[in-house]
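Engineer: Provided herewith is a single structure, encoded as structure tokens, for subsequent inquiry.
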Amino acid sequence: MHIAPEKISSKTDKYLIKDIIAKSLDLQILSLEEVSRLMSIDDERLWGDVFDASRRVKEKVYGKRIVLFAPLYLSNECVNNCLYCGFRIGNSTAKRKTLSTDEAVSEASLLSKKGYKRLLLVTSENPKFAGIDYLESVIKAIYDKTDIRILHINTQPMSVEDFKRLKASGVGVYQCFQETYNISAYKKLHPSGPKADYNWRLNAMDRAIEAGFEDIGMGVLLGLYDWRWDIGALIVHSHRLIKKYGFGPHTVSVPRLQPAEGSGLTRSKHTVSDTDFKKIVAIYRLALPYVGIVISTREPAGLRDDLLSLGVSQISAGSKTSPLGYIAEGSLGEDTDTAQFEIADNRSIDEIIGKIAESGLLPSLCTACYREGRTGESFRHLSEGEAMKNFCEQNALLTLKEYIEDYAPADIKPLLIKRLEEEVGKNGSGILEKLKLIEQGKRDVHI
Ligand code: SAM
Ligand code: SF4
Numbered sequence: 047m048h049i050a051p052e053k054i055s056s057k058t059d060k061y062l063i064k065d066i067i068a069k070s071l072d073l074q075i076l077s078l079e080e081v082s083r084l085m086s087i088d089d090e091r092l093w094g095d096v097f098d099a100s101r102r103v104k105e106k107v108y109g110k111r112i113v114l115f116a117p118l119y120l121s122n123e124c125v126n127n128c129l130y131c132g133f134r135i136g137n138s139t140a141k142r143k144t145l146s147t148d149e150a151v152s153e154a155s156l157l158s159k160k161g162y163k164r165l166l167l168v169t170s171e172n173p174k175f176a177g178i179d180y181l182e183s184v185i186k187a188i189y190d191k192t193d194i195r196i197l198h199i200n201t202q203p204m205s206v207e208d209f210k211r212l213k214a215s216g217v218g219v220y221q222c223f224q225e226t227y228n229i230s231a232y233k234k235l236h237p238s239g240p241k242a243d244y245n246w247r248l249n250a251m252d253r254a255i256e257a258g259f260e261d262i263g264m265g266v267l268l269g270l271y272d273w274r275w276d277i278g279a280l281i282v283h284s285h286r287l288i289k290k291y292g293f294g295p296h297t298v299s300v301p302r303l304q305p306a307e308g309s310g311l312t313r314s315k316h317t318v319s320d321t322d323f324k325k326i327v328a329i330y331r332l333a334l335p336y337v338g339i340v341i342s343t344r345e346p347a348g349l350r351d352d353l354l355s356l357g358v359s360q361i362s363a364g365s366k367t368s369p370l371g372y373i374a375e376g377s378l379g380e381d382t383d384t385a386q387f388e389i390a391d392n393r394s395i396d397e398i399i400g401k402i403a404e405s406g407l408l409p410s411l412c413t414a415c416y417r418e419g420r421t422g423e424s425f426r427h428l429s430e431g432e433a434m435k436n437f438c439e440q441n442a443l444l445t446l447k448e449y450i451e452d453y454a455p456a457d458i459k460p461l462l463i464k465r466l467e468e469e470v471g472k473n474g475s476g477i478l479e480k481l482k483l484i485e486q487g488k489r490d491v492h493i
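Using the numbering used here, the letters of the sequence shown map in sequence onto residues 47 to 493.
The structure is reproduced here in structure tokens:
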């Protein structure tokens, strides 16, 4: 993939930027040239306009809801040697672990008892211990034995045949980050293992789509290479998928490089500042208006709180990045397995739900779209036509009601009830009947 340098404009044209913002507010996808113009803005007031538009675009597509999930790490035994990662094979001091199916179910049950309905399974790459047979059995067991309603997965690129089995097991989103699109940086950072093959990773989304996945999650690991270049490349990759299949990424994640124990990358000249991080979120939101933008607990609490009103639509909460991390948390003093990287926001799901409600937004534990077939092209058309917002806000209210009934601690209950009542007042009477059903004990009520 090559981005011509002349496409990266250095001049800021105020009127042109206003036109680009208007195009995004009309929920149209931006061209690479328009994205590069946004990246080159050097007037802080114009950035203020971009941030404001980012929030408005997110609210047009998804309303006020912010979806919550937790990662569940299945394995840290990896055959790759990604220099930035604590799980890499070259980290000889790492304490390694692959969860048994029963252990995975125990971790998922623990999370489900806290109120989570959506988990992101995460694995290192290890065909022997964490290949498709293993993933199928873990996924089936979690669905059969816990109240978790949807499992997404962040795992290695597979063959079309294995992707078909993964899809058939009931996974919602297949997520895989290109890390960097720059070939020479990629080669240096991934010296050995299957991940050293740049093209195998680049074409993973085509194979996943060919196998039947309509919801795919993309990203670059910010801090590995020049972020402007990598984001431009991810946008071009998305354009290609949209042209070929009628839909592009369902989600775009914004992982930013964190210190990791045993990492072989001590310094990066491409470190992304908090200010640039906010700009990146806003650029993605304007460039691909309908995508879910996902932010993890790699980022500190204050920054995550700011980002809630800047275009982000999904956040993880209460995360652990080691296998058995949730169980180990409850057994103090135990020597834990190696974590992938350091977590910067250690707040619990309850605290984050409280924070979202306090900010005038709507915490959501909704999983309806994946189970109702609102995926791929149909999801994209619903979002572009602004119909998704209605689904999202109503389902956010219904899952918030369930959370209040089943999980909310006493100290945040009054705040959540007040927030629910405020929003119910703005919705039609249809929602009242559904809320009543939840009060009467019915669960998983959604539209
Ligand atoms: N092993 C699979 C892979 O590499 O695609 C999937 C799981 S990997 C644990 C998930 C993602 O974590 C990687 O794609 C990478 O972007 C991110 N990651 C790895 N090391 C990191 C670090 N030190 N800081 C932040 N994110 C990191
Ligand atoms: Fe393994 Fe993924 Fe870490 Fe690379 S990023 S070492 S593939 S777990």
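Beta carbons are placed, not taken as given, at the ideal position from N, Cα and C, and that holds for glycine.
Sorted by chain position, which residues of the same chain lie with C-beta nearer than 6 Å to ILE196's C-beta, five sequence neighbours on each side aside?
Structural biologist: Taking the first residue of the sequence shown as 1, we reach residue 196 at position 150. Correct list, in chain order: ARG164, GLY218, THR413 and TYR416.
Engineer: Could you tell me which uninterrupted beta strand (DSSP E) segments, each at least 3 residues in length, are contained entirely in the region 82-134, listed from first to last along the chain?
Structural biologist: Counting only runs of 3 or more, we get 111-121.
Engineer: What is the DSSP secondary structure of LEU483, counted as helix, strand or coil?
Structural biologist: Taking the first residue of the sequence shown as 1, we reach residue 483 at position 437. Note: LEU483 maps to helix in three-state DSSP.
Engineer: Please classify MET204: does DSSP put it in a helix, a strand, or coil?
Structural biologist: Translated into positions along the sequence shown, residue 204 becomes position 158. In this structure, MET204 counts as coil in the three-state DSSP scheme.
Engineer: Over the uninterrupted beta strand (DSSP E) stretch that includes GLY338, give me the two end residues.
Structural biologist: Locating residue 338 in the sequence shown gives position 292, counting from the first residue. 338-341 is the span of the beta strand (DSSP E), which, as asked, contains GLY338.
Engineer: In the structure shown, what three-state DSSP assignment does LEU461 receive?
Structural biologist: Start at 1 with the first residue of the sequence shown, and residue 461 comes out as number 415. Residue state, collapsed to three classes: helix.
Engineer: Does the distance from the C-beta atom of ILE295 to that of SER284 stay below 8 Å?
Structural biologist: As a position in the sequence shown, residue 295 is number 249, starting the count at 1. As a position in the sequence shown, residue 284 is number 238, starting the count at 1. Sequence inspection shows Pro at residue 295; the Ile mentioned does not correspond to that position. Yes, Cβ-Cβ distance for PRO295 and SER284 is below 8 Å.
Engineer: Checking 8 Å against the spacing of the C-beta atoms, do THR169 and LEU120 come in under that value?
Structural biologist: As a working note, residue 169 is residue 123 in the sequence shown. As a working note, residue 120 is residue 74 in the sequence shown. Yes, the Cβ-Cβ distance between THR169 and LEU120 is below 8 Å.
Engineer: Check whether the Cβ of ASN200 lies closer than 7 Å to any heavy atom of ligand 1, and answer yes or no.
Structural biologist: The count along the sequence shown starts at 1 and reaches residue 200 at position 154. ASN200: yes, Cβ under 7 Å from ligand 1.
Engineer: Going by the C-beta, is PHE387 closer than 7 Å to any heavy atom of ligand 2?
Structural biologist: Translated into positions along the sequence shown, residue 387 becomes position 341. No, ligand 2 has no heavy atom inside 7 Å of this Cβ.
Engineer: Got a sec: does ligand 2 put a non-hydrogen atom nearer than 7 Å to the Cβ of PHE133?
Structural biologist: Looking up residue 133 in the sequence shown gives position 87. Yes, the Cβ of PHE133 comes within 7 Å of a heavy atom of ligand 2.
Engineer: State yes or no: is the C-beta of SER77 nearer than 7 Å to some heavy atom of ligand 2?
Structural biologist: The sequence position of residue 77 within the sequence shown is 31, counting from 1. No; taking the cut-off as 7 Å, the Cβ of SER77 has no heavy atom of ligand 2 nearer than that.
Engineer: Using the DSSP secondary-structure output, state which residues sit across from MET251 in a beta bridge.
Structural biologist: Indexing the sequence shown from 1 puts residue 251 at position 205. MET251 pairs with nothing; no bridge assigned.
Engineer: Does DSSP put GLN440 in a helix, in a strand, or in coil?
Structural biologist: On the sequence shown, position 394 is the one that residue 440 refers to. Residue state, collapsed to three classes: helix.
Engineer: With a threshold of 8 Å, are at least 3 pairs of Cβ atoms found where one atom belongs to the region 98-113 and the other to the region 332-347?
Structural biologist: Contact between the region 98-113 and the region 332-347 is present, because at least three Cβ pairs lie under 8 Å.
Engineer: For SER205, which residues of its own chain have a beta-carbon under 8 Å away from its beta-carbon, when the five flanking residues on both sides are left out?
Structural biologist: As a working note, residue 205 is residue 159 in the sequence shown. The residues are ARG253.
Engineer: Along the alpha helix (DSSP H) that carries VAL282, what are the first and last residues, could you check?
Structural biologist: To locate residue 282, count along the sequence shown from 1; it is residue 236. Here the alpha helix (DSSP H) through VAL282 covers 273-291.
Engineer: So, are the CB atoms of LEU466 and PRO409 less than 8 Å apart?
Structural biologist: In the sequence shown, residue 466 corresponds to position 420, counting from 1. In the sequence shown, residue 409 corresponds to position 363, counting from 1. No, Cβ-Cβ distance for LEU466 and PRO409 is not below 8 Å.
Engineer: Could I get the ranges of all uninterrupted alpha helix (DSSP H) runs contained in the region 161-195, with 4 residues as the minimum, in chain order?
Structural biologist: You should have 178-191.
Engineer: Apart from the five residues on each side of it in sequence, which residues of its chain come closer than 7 Å, Cβ to Cβ, to SER70?
Structural biologist: Here residue 70 refers to the residue found at position 24 of the sequence shown. Cβ within range, chain order: LEU76, ALA99, VAL103, LEU332 and PRO335.
Engineer: I'd like the list of long-range same chain contacts for ASN172, defined as Cβ closer than 8 Å, with 5 residues on each side in sequence excluded.
Structural biologist: Along the sequence shown, read from residue 1 onward, the residue named residue 172 stands at position 126. Closer than 8 Å at Cβ, skipping near neighbours: SER121, GLU123, CYS124, VAL125 and THR144.
Engineer: Which partner residues of THR144 appear in the DSSP bridge assignment?
Structural biologist: By one-based count along the sequence shown, residue 144 stands at place 98. Beta-bridge pairing links THR144 to SER121.
Engineer: Does the Cβ of ARG350 have 16 or more other Cβ atoms within 10 Å, making it buried, or fewer, making it exposed?
Structural biologist: As a position in the sequence shown, residue 350 is number 304, starting the count at 1. Flag for ARG350 reads buried.
Engineer: Just to check, is the beta-carbon of GLU448 closer than 7 Å to a non-hydrogen atom of ligand 1?
Structural biologist: Looking up residue 448 in the sequence shown gives position 402. No - ligand 1 has no heavy atom lying nearer than 7 Å to the Cβ of GLU448.
Engineer: Compute every distance between the C-beta of LEU171 and the non-hydrogen atoms of ligand 2, then say whether any falls below 7 Å.
Structural biologist: For the purposes of this step, residue 171 is taken as residue 125 along the sequence shown, with counting starting at 1. Checking the sequence shown, residue 171 turns out to be Glu, not Leu. Yes - ligand 2 has a heavy atom lying nearer than 7 Å to the Cβ of GLU171.
Engineer: Report the three-state DSSP secondary structure of GLY379 (helix, strand or coil).
Structural biologist: Numbered from 1 along the sequence shown, position 333 holds the residue referred to as residue 379. With a pLDDT of only 48 at GLY379, under 50, the local geometry of the prediction cannot be trusted, and the value read off the model is given with reservation. Note: GLY379 maps to coil in three-state DSSP.
Engineer: Give the secondary structure of ILE373 by DSSP, where H, G and I count as helix, E and B as strand, and everything else as coil.
Structural biologist: The residue given as residue 373 occupies position 327 in the sequence shown. Helix at ILE373.
Engineer: Could you give the DSSP three-state label for SER410: helix, strand or coil?
Structural biologist: Along the sequence shown, one-based indexing puts residue 410 at 364. In this structure, SER410 counts as strand in the three-state DSSP scheme.
Engineer: On the DSSP letters alone, give me the boundaries of the alpha helix (DSSP H) that ARG424 sits inside.
Structural biologist: What you label residue 424 is simply residue 378 of the sequence shown in a count that begins at 1. Per the sequence shown, residue 424 should be read as Ser rather than Arg. That run of the alpha helix (DSSP H) goes 422-430.
Engineer: Could you tell me which of ALA456, LEU481 and ASN228 sits nearest to ASP396, measuring between CA atoms?
Structural biologist: Reading the sequence shown from its first residue, position 350 is the one you call residue 396. When each option's Cα is compared against that of ASP396, the closest is ALA456.
Engineer: With distances taken between CB atoms, is the gap from ARG426 to PHE293 smaller than 8 Å?
Structural biologist: As a working note, residue 426 is residue 380 in the sequence shown. As a working note, residue 293 is residue 247 in the sequence shown. Taking 8 Å as the Cβ cut-off, ARG426 and PHE293 qualify as a contacting pair.
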